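Chains A and B are the protein sequences, given in the same order. Note that the first sequence covers residues 242 to 592 in this note's numbering. Note that the second sequence covers residues 217 to 824 in this note's numbering. No residue lacks a Cβ here, since even glycine has one placed at the ideal position from N, Cα and C. A quick note: this is a predicted structure, and the numbers were derived from the prediction, not measured.
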Amino acid sequence: MTYLAKPRLHHPTLPLNKIGFTRRDYEGQISTLCAGCGHDSISASLIQACWELDIEPHRIAKLSGIGCSSKTPDYLLGNSHGFNTVHGRMPSVLTGANLANRDLIYLGVSGDGDSASIGLGQFAHVMRRGVNMTYILENNGVYGLTKGQFSATADAGSKSKRGVANTDAPVDTVSLALLLGATYVARSFSGDKKQLVPLVKAALAHRGAAFIDVVSPCVAFNNHVGSTKSYDYVREHNDAVNRLDFISGREPIHVDYAEGEAVSVAQHDGTVLRLRKIDRGYDPTNRIAAMHYIQQHQAAGEVVTGLLFVAAETEDLHAHLNTADVPFNTLGAKQLCPGRAALDKLNASLR
Amino acid sequence: MRPTDIRVPEYFHKVVDCQWACPAHTPVPEYIRLIAAGRHDDAYLVNWESNVFPGILGRTCDRPCEPACRRGRVEEKQAEKPEPVAICRLKRVAADNKGDIRARLPKPAAKKNGRKVACVGAGPASLTVARDLAPLGYQVTVFDQDPLAGGMIRTQIPRFRLPAEVIDEECGYVLELGVEYGGGKRIDSMKVLLAEGYDAIFVGSGAPRGRDLDIPGRKEAARNIHIGIDWLSSVSFGHVERIGRRVVVLGGGNTAMDCCRSSKRLGGEDVKVIVRSGYEEMKASPWEKEDAAHEGIPILNFLVPMEFTHRAGKLTGVLFEKVRAEYDANRRRRLVPTGEPNQHYECDDVIVAVGQENAFPWIERDTGIAFDGSGMPVLDKVTMQSTHSKVFFGGDAAFGPKNIIWAVAHGHDAAVSIDKLLNGEDLKDRPAPGVTLVSQKMGIHEWSYDNAVSLDPRFKVPWAEPSKTLKSIKIEVELGFDPLTGFKEAQRCLNCDVQTVFTSRQCIECDACVDICPMDCITFTSNGDEPELRNRLNAPAPNLSQDLYVQEGLKTGRAMVKDEDVCLHCGLCAERCPTGAWDMQKFLVEMTRAGPGCRTRKQERKAA
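Below, the structure is given as structure tokens:
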């Protein structure tokens with residue numbers, strides 16, 4: 242951390258986005274995390290993505306649980322709505338908020354402890370239900386706030402800072418999300434913003450549960466030889482299946498791809514996701530093949546990254562529940578209390 | 217790009233824009249920090265060591281440092297009009313608030329070394345030579361036609377800008393080093409001087425001749441037409457105490473500004489400055505033009521003087537032709553008559569301040585000192601040596617009119633040359649300046665300097681009441697910052713001498729520095745050719761006068777590229793760096809001065 246606030250001065254050529262903000266306008270408080278924490282790079286990527294998408298900051302609600310990762314929403318989007326919930330309970334609070342007001346863009350930020358240990362049940366259900374949100378899991382494999390014990394996502398056999406090997410099997414949140422019906426599943430690395438920023442942008446635009454597992458090295462407790470979540474390990478074992486060139490449907494497409502080199506996936510709002518294949522055989526629209534690929538490569542010690550799965554036609558929780566189209570707080574007394582005739586009709590339908 | 221070698225003294229020196237721009241390379245951020253710390257004595261001595269006349273320069277310097285100041289490139293609010301740190305006026309804060317520093321100045325040499333050096337003219341260049349050489353044991357004699365030392369500092373700068381006490385004090389510090397002052401002795405012959413057995417002669421006689429304006433009426437109205445620098449000199453010595461009610465000053469340089477403001481104080485009620493060129497192209501410093509405007513003196517542009525009008529031997533006014541500027545393909549300016557009728561401005565006195573010229577009537581052309589076609593001495597630009605091995609030039613006498621700080625820089629260079637010459641060394645073999653680079657880390661997030669960036673706009677220097685200052689030529693107009701305002705202005709300094717130093721082998725490429733940098737200066741990318749690299753950094757680096765800091769040897773094979781242009785030196789990169797790959801290190805350059813330090817090592821060893 243630092244004692245200084247980041248000076249307000251910025252580069253003279255710092256560009257404005259379409260709604261007249263600089264990237265710096267999307268920043269939050271100064272980070273209090275350890276120097277070199279991967280989480281800070283993820284925050285920077287989230288800031289970059291929101292700036293590039295020209296999102297008005299007040300349209301975002303950022304929710305988090307407890308942990309290093311869950312502190313980070315304070316360090317970005319200082320003019321957005323925020324809710325720091327109970328440990329592991331971000332998904333249910335976010336679900337409630339989403340049901341009450343579907344007009345906001347929901348950003349859930351969590352960590353491996355918050356999501357894979359205490360909040361594993363909540364994680365599972367928010368994926369199943371297809372809550373329209375972007376779920377960022379900042380995954381460092383250790384409990385940093387309690388000085389570096391293995392978390393549930395630590396790989397079996399990986400070593401702690403003191404040299405002790407982990408004997409438990411890891412929770413693979415990406416496989417879990419695929420299994421539980423998430424419609425957008427990606428993995429990335431905090432040290433690769435070129436990959437992460439487009440993934441975040443596409444996730445924010447995706448309707449349904451969009452999950453990104455971001456490997457984020459803990460410099461203080463999990464960046465040593467023997468760790469499988471260190472900067473060096475991830476760089477050496479990064480198996481990126483594709484590169485996402487997120488292109489909005491409203492703008493002309495500039496990139497030319499040779500036959501068989503790209504995959505396009507149309508999204509509900511008319512945007513098109515363009516994926517440049519790195520692994521030619523990888524099909525990100527096939528859930529079962531994706532699960533197979535991930536299992537296979539992870540068994541070989543690879544960290545599979547990129548957009549692993551995306552569904553073209555999606556529905557979210559509101560469609561499943563057939564809820565009102567507008568937020569509760571904008572419903573008038575007449576709609577909330579439709580009167581005797583409506584009640585009689587309802588009662589009659591239940592007889 | 218080739219990785220940057222930070223051992224080359226120039227690399228980090230260039231990052232300290234103010235110091236690099238200063239002809240004398242005064243360590244500006246160093247003394248500004250001392251001012252902020254209330255250590256005015258120390259701040260003064262850092263200045264004195266480098267530029268000899270802190271109190272004088274703190275009021276009158278041409279401030280090449282300020283346009284260079286990084287503040288002017290990073291402030292958003294003042295993007296239209298860059299507002300550098302008030303470096304010059306901070307120097308004055310140190311001079312005004314210091315205590316008695318005499319005990320800390322060098323002492324006259326206990327033992328003379330038997331070498332005699334003569335300095336012609338007692339201006340800033342000669343006094344610098346004397347200051348550098350006298351403590352080493354040289355017997356230095358400074359000659360000047362005026363009874364008091366100071367040269368143009370005393371004769372041409374009016375007292376309302378620079379009080380006599382300040383000149384007396386700072387010239388005194390030099391003369392008290394055991395320098396002999398031959399005041400009131402005009403040197404009329406270089407031949408005679410050479411014959412007097414001096415081991416070296418330094419010519420710092422300035423540019424003493426004001427350019428005249430030979431247009432009709434010049435002779436007839438001569439009684440009311442004055443040459444700027446001569447008139448200022450007469451005012452300075454009290455020979456002139458009045459001027460007519462209506463005054464026209466011709467010329468657009470700083471001398472013209474001094475003339476018009478002086479006129480205003482000597483009875484001139486209707487004073488005008490009339491200039492051939494446009495307002496922007498005028499040679500006067502922007503602040504001097506503002507100061508004149510502040511005193512209600514209009515500046516009229518694009519008027520070329522055609523004739524002095526007169527009646528019965530008395531000046532009645534000046535006739536001007538109206539012109540406009542036209543530029544050819546090479547951006548060369550031409551003044552073209554607009555065809556409008558000539559304009560006549562009535563006046564009682566005219567002051568001609570249209571430039572100065574060098575004149576060396578006292579140097580016989582057969583002494584071995586060669587002059588070029590324009591009458592200037594042929595000199596080596598580094599050593600200041602003329603074609604006569606024992607004769608050196610400096611200040612305005614060397615390359616034409618410049619300013620005090622250049623004169624000081626020339627003085628230092630000439631002193632080094634003289635010292636080397638009289639030690640039998642090659643003058644061109646000049647040691648590079650000494651450099652120290654020391655980490656400023658005091659704790660996890662603690663640095664020896666204030667790394668928080670002040671967002672204050674530049675503070676204005678308070679002025680005395682115009683009702684008072686316009687009444688007397690001797691009342692100083694600017695009051696100088698009080699210590700508190702001086703502190704606040706000092707805090708605007710970005711500490712550009714505290715350098716961001718990067719060590720590749722410690723870097724784990726976590727991007728923390730990239731994320732925190734408020735100015736997007738740092739990029740990790742594949743290396744490439746400079747022009748191409750400049751365009752694909754996190755923020756483009758179009759300012760070619762500012763270097764890229766490139767380091768290789770990272771695990772991923774990428775290079776760290778930092779654009780030095782708009783770095784705030786806030787140290788956040790170093791604070792966020794988990795491994796100490798970034799460090800904030802203070803760069804202090806010690807310019808080579810006359811004395812053992814300027815002599816080659818080989819000889820030092822021999823001596824030891």
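Inclusion of B/L643 and B/T603 in the CB contact set at 7 Å is not warranted, their separation being larger than that value. Under the three-pair Cβ rule at 8 Å, the stretch 545–563 of chain A counts as touching the stretch 439–453 of chain A.
Assigned with DSSP and collapsed to three states, B/K771 falls in coil, not helix or strand. In its chain, beyond the 5 residues on either side, L788, C789 have a beta carbon closer than 7 Å to the beta carbon of B/C733. DSSP places B/W798 in the uninterrupted beta strand (DSSP E) bounded by 798–806.
Sixteen is the threshold: when 16 or more other Cβ atoms of the shown chains lie within 10 Å of the Cβ of A/T414, as they do, the residue is buried.
Residue-level contact check: B/H785 does not touch chain A, since none of the beta carbons of chain A fall below 7 Å from its beta carbon. Listed along the chain, the chain A residues whose CB falls inside 7 Å of the CB of B/T772 are R476. Beyond the five residues adjoining it in sequence on each side, B/N517 comes within less than 6 Å, by CB distance, of V491, G494, Y495 in the same chain, given in chain order. Apart from the 5 residues on each side of it in sequence, B/W447 sits with its Cβ closer than 7 Å to the Cβ of V456, C475, I567 in its chain, given in chain order.
If you check the CB distance, A/G360 and A/Y384 do not come in under 7 Å. Comparing alpha-carbon positions, the option among B/L306, B/C304, B/G288, B/K307 lying closest to B/P298 turns out to be B/G288. DSSP places B/A326 outside any beta strand (DSSP E), giving it a letter other than H or E.
B/L753 and B/C737 have their C-alpha atoms roughly 8 Å apart. B/N667 carries a coil assignment under DSSP once its states are collapsed to helix, strand and coil. Taking 7 Å as the upper bound on Cβ-Cβ separation, chain A lies near residues H661, N667, A668, V669, L671 of the stretch 646–680 of chain B. Contacts between B/E725 and chain A, judged by CB atoms closer than 7 Å, involve G432, Y472 in chain order. The Cβ-Cβ distance between B/R375 and B/I689 falls below 7 Å. At a C-beta separation below 8 Å, A/L287 has no neighbours in chain B, since its nearest C-beta there lies roughly 11 Å away. For B/T701, the three-state secondary structure derived from DSSP is helix. Boundaries for A/G362: no beta strand (DSSP E) harbours it, while the alpha helix (DSSP H) harbouring it runs 361–370, taken from the DSSP string. A/S505 and A/A583 have their C-alpha atoms roughly 47 Å apart. Going by beta carbons, A/A481 and A/T546 fall inside the 7 Å limit. For B/V290, the chain A residues whose Cβ falls inside 7 Å of its Cβ are L250, in order along the chain. Under the criterion of beta carbons closer than 8 Å, B/G529 and B/G420 do not qualify as touching, at roughly 40 Å. Rounded to whole angstroms, B/Y354 and B/L637 show a C-alpha spacing of 13 Å.
Taking the Cα positions, B/T357 is about 14 Å away from B/A631. A Cβ of chain B is located within less than 7 Å of the beta carbon of A/Y244.
Contact annotation: B/G584 and B/E562 have beta-carbon atoms that are not nearer than 7 Å. Annotation: the stretch 449–527 of chain B contains the following complete segments of the beta strand (DSSP E) (minimum length 3 residues), in chain order: 462–466, 486–490, 519–527. The beta carbons of A/S284 and A/T326 sit no closer together than 7 Å. Per DSSP, the continuous alpha helix (DSSP H) segment holding A/T414 begins and ends at 414–420.
Close partners of A/A276 in chain B (Cβ separation under 8 Å): A728, E791, R792, C793, P794. Distance from the CA atom of A/I301 to the CA atom of A/S356, rounded to whole angstroms, is 21 Å. Where A/H533 is concerned, the enclosing alpha helix (DSSP H) starts and stops at 528–540. Taking 4 residues as the minimum length, the alpha helix (DSSP H) runs contained wholly in the stretch 256–293 of chain A are 279–293, in order along the chain.
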